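Right, one structure below, let's go through it.
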Amino acid sequence: MQETVQENAFGLAHLWSQGDVVSHSVAVLIVVMSVASWYLILAKAWDWWRMRKAARAVSAFWAAPTVSDGIDKLREAGADSPYAQLATQANCCNRDCEGMSGRLSSRFDPAEQMERALRQQLSTTQASMENGLTFLATTGATAPFVGLFGTVWGIYHALVAIGMSGQAALEKIAGPVGEALIMTAAGLAVALPAVFAYNTFTRVNRVILADLDAFAHDLHAFFTVGKPLVANSAQIHPMRARAATEGA
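Take 545 as the starting number for the sequence shown in the working numbering and just add one per residue.
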């Protein structure tokens, strides 16, 4: 019975009760970093799933009879879908280019105005997708050292307490030192998921941004080349129209 009580005297509760302000601050900091990291990991995973769902709606956009119907198809996959935002931006720019006289942007060619609008939308989307990745990278790089600092501080206070008690037996040292090593393990437990998540989301973002860039290029080609080509092919390809006239 006495051995059981002695074993229970060591552990997280004993470490917390014997700690000071510094060790408590380190422990709280590790917990905060862990909670924030897992919140970002789950939030980014949810955003990635929504992105994949929105990407599958691109084929429905091109199969739609009109641009408005296609945008509605994209919005069905998510009201804030970046694909829907790109299509909406391109459509609005295509309709409002004629009413932009008097603005600095009106000095651009209509095709360049649309390219500029799509580029700005892509930059906004990229900034939103990369939000939180800096914290994950920082957590992955610093959490082990935070835990190591807690371990060093805990060992120092354990050795001071043992020295003051005058009992330097191995069983008196192993318990406090083992408790202090928990901080290092906690730091590694926080850092590893953050590093894995950062690397994963960095690659996922790179793939999604490449797909969004391709979709923006297709939208630019559709609104600046595709529609005029259908409306007035002789205006876009005069040599081809002249050859067709001479052949007739």
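Cβ atoms here follow ideal geometry from the backbone N, Cα and C, with glycine treated the same way.
Computed from a predicted structure; not experimentally measured.
Terminal residues of the alpha helix (DSSP H) in which residue i lies
{"i": "R596", "result": "V565 to A599"}
{"i": "D624", "result": "Where D624 is concerned, there is no enclosing alpha helix (DSSP H), given that its DSSP letter is neither H nor E."}
{"i": "A608", "result": "A608 -> no alpha helix (DSSP H), and no H or E assigned at all."}
Residues near residue i in its chain [Cβ-Cβ closer than 8 Å; skip 5 each side]
{"i": "L753", "result": "L666, T669, Q670 and M673"}
{"i": "V570", "result": "V690, G691, F693, G694, W697 and M727"}
{"i": "L732", "result": "A687, P688 and G691"}
{"i": "V704", "result": "none"}
Exposed unless 16 or more other CB atoms sit within 10 angstroms - verdict on residue i
{"i": "T695", "result": "buried"}
{"i": "A758", "result": "exposed"}
{"i": "V690", "result": "buried"}
{"i": "L763", "result": "buried"}
{"i": "Y627", "result": "buried"}
{"i": "Y700", "result": "exposed"}
{"i": "A788", "result": "Since pLDDT at A788 reaches only 40, below the 50 mark, its modelled position is unreliable, and the value read off the structure follows with that caveat. With fewer than 16 Cβ atoms within 10 Å of its Cβ, A788 is classed as exposed."}
{"i": "S625", "result": "buried"}
{"i": "S567", "result": "buried"}
{"i": "M595", "result": "buried"}
{"i": "A765", "result": "exposed"}
{"i": "G707", "result": "exposed"}
{"i": "L801", "result": "Since the first residue shown for the chain is 545 and the last is 792, residue 801 is missing from the structure and cannot be characterised."}
{"i": "V576", "result": "exposed"}
{"i": "W590", "result": "exposed"}
{"i": "V611", "result": "buried"}
Cut-off 6 Å between Cβ atoms - residues of its own chain near residue i, not counting five sequence neighbours on either side
{"i": "S578", "result": "V734"}
{"i": "W592", "result": "V748"}
{"i": "K588", "result": "F745"}
{"i": "Q633", "result": "A661 and Q665"}
{"i": "A775", "result": "Residue placement at A775 is flagged as unreliable, the pLDDT there being 37, under the threshold of 50; the coordinate-derived value follows with that caveat. None."}
{"i": "D564", "result": "none"}
{"i": "G614", "result": "F605 and A608"}
Cβ shell of residue i (< 7 Å), same chain only, five flanking positions each side left out
{"i": "K617", "result": "A601, A604, F605 and A608"}
{"i": "L680", "result": "S581, L584, A738, A741 and Y742"}
{"i": "A724", "result": "T695, G698, I699 and A702"}
{"i": "E659", "result": "H764"}
{"i": "G643", "result": "Model confidence at G643 stands at a pLDDT of 48, short of 50, so the residue's coordinates are unreliable; what they give is reported in the following sentence. Closer than 7 Å at Cβ, skipping near neighbours: no residue."}
{"i": "R619", "result": "S625 and A628"}
{"i": "A760", "result": "L630, L662 and L666"}
C-beta contact flag for residue i and residue j at 8 Å
{"i": "V739", "j": "G684", "result": "yes"}
{"i": "L677", "j": "T746", "result": "yes"}
{"i": "I574", "j": "A729", "result": "no"}
{"i": "T768", "j": "A631", "result": "no"}
{"i": "C636", "j": "Q657", "result": "no"}
{"i": "A623", "j": "K597", "result": "no"}
Beta carbon proximity, residue i to chain D, threshold 8 Å
{"i": "T683", "result": "This model lacks chain D altogether, as it is built from one protein chain only."}
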